[in-house]
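Step one of this worksheet: look at the structure below.
In the numbering used here, the protein residues as written are 423 to 505.
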């Protein structure tokens with residue numbers, strides 16, 4: 423079953439039961455079942471297939487800039503003796 427099929431089944435099940443969804447349990451003032459769950463904190467009462475939608479917490483709200491260091495295979499970095 424594809425991820426899209428699983429998502430559609432989850433949405434149909436929630437609408438059938440009149441359930442509300444929110445983005446994450448970390449959203450202040452939100453109510454409803456979270457759309458995303460942290461991988462190490464699965465939902466207490468998971469719906470079938472819901473485990474496919476876990477995600478790490480985002481740093482975008484707490485760290486405006488993140489440096490990305492790229493290394494090319496086989497090339498030395500400054501101060502290194504070996505590649």
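Just so it is clear, CB atoms sit at the ideal spot from N, CA and C, and this is done for glycine as well. Nothing here was measured: the structure is a model prediction, and the numbers come from that model.
Looking at the DSSP output, residue 456 sits in a beta bridge with 444.
Checking the DSSP bridge columns, you'll see residue 436 has no partner listed. Here residue 476 is bridged, per DSSP, to 459. By the CB criterion at 8 Å, residue 432 and residue 496 fall outside the cutoff. When secondary structure is reduced to three states using DSSP, residue 450 falls in the coil class, being assigned neither helix nor strand.
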